[in-house]
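S.K.: Sharing a structure with you now.
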Amino acid sequence: GERGAVTERAADRYRQQLRRIHEHIAARAPNARVYGLPQPDWSLTSAGASFGDRAAIARAIERFNGIAREEVERAGDAYVDIFPLMREQMRRGMTAPDGLHPSAEAYAEWADALKDALR
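In structure tokens form, the structure reads like this:
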């Protein structure tokens with residue numbers, strides 16, 4: 005229905021924005037090494053419930069992360085899938101005081117995971 009159409013438009017806009025970003029980077033820094041990351045599953049955070057149905061939010065995040073992966077790979081860049089780590093962090097409550105964003109400790113774990121992935 006209408007909600008699905010809104011979601012489709014949002015997904016299309018997101019894809020177009022990512023494509024423009026990758027094209028911009030390629031034009032201005034053709035030899036740059038570019039890495040794409042997923043967005044965290046904030047549906048699992050204490051603040052996540054205030055945005056609506058957690059399951060629907062989680063599905064949307066997974067969908068948008070899929071689009072991100074597709075666009076990163078389409079551009080010839082590397083997608084580093086730390087989503088399982090991000091999801092586990094949110095389940096463990098590793099959020100900033102706002103209850104939504106990742107904590108400093110979570111970001112440190114991302115850095116460690118990225119360091120390992122980029123070797």
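Okay, so the sequence shown: first residue is 5 according to our numbering, each after it adds one.
Just so you know, even glycine gets a beta-carbon here, dropped at the ideal spot from N, CA and C.
Here the structure is a predicted model, which means the values were calculated and not measured.
Looking at the unbroken alpha helix (DSSP H) that takes in residue 108, where does it start and where does it end?
M.R.: Per DSSP, residue 108 belongs to the alpha helix (DSSP H) from 108-121.
S.K.: Between the Cα of residue 45 and those of 85, 71, 84, 61, spot the shortest distance and give me the residue it belongs to.
M.R.: The shortest C-alpha separation from residue 45 is found at 61.
S.K.: Between the region 76-93 and the region 30-44, do at least 3 Cβ pairs fall closer than 8 angstroms?
M.R.: Because the criterion of three Cβ pairs below 8 angstroms is met, the region 76-93 and the region 30-44 touch.
S.K.: Quick check on this structure: which residue in 111, 100, 122 has the alpha carbon closest to the alpha carbon of residue 51?
M.R.: Cα-wise, what sits closest to residue 51 is 100.
S.K.: Pull up the distance between the alpha-carbon of residue 65 and that of residue 35, whole angstroms please.
M.R.: So the alpha carbons of these two residues sit roughly 30 angstroms apart.
S.K.: Just grab the DSSP bridge partners of residue 40 for me.
M.R.: Paired residues: 83.
S.K.: Using 10 angstroms around the beta-carbon of residue 22, count the other beta-carbons present and answer buried if the total reaches 16, otherwise exposed.
M.R.: The residue in question, residue 22, is buried, as its Cβ has 16 or more Cβ neighbours within 10 Å.
S.K.: Can you find a CB in chain C that lies within less than 8 angstroms of the CB of residue 93?
M.R.: Absent from the structure: chain C. Only one protein chain is present.
S.K.: Give the secondary structure of residue 99 by DSSP, where H, G and I count as helix, E and B as strand, and everything else as coil.
M.R.: Strand at residue 99.
S.K.: So is residue 122 buried or exposed if we call it buried at 16+ other beta carbons inside 10 Å?
M.R.: That one is exposed.
S.K.: Please classify residue 75 as buried or exposed, where buried requires at least 16 other C-beta atoms within 10 Å of its C-beta.
M.R.: By the neighbour-count rule (16 or more Cβ atoms within 10 Å), residue 75 is buried.
S.K.: Could you check the C-alpha separation between residue 55 and residue 63 for me, to the nearest Å?
M.R.: Using only the alpha carbons, I get a separation of about 13 angstroms.
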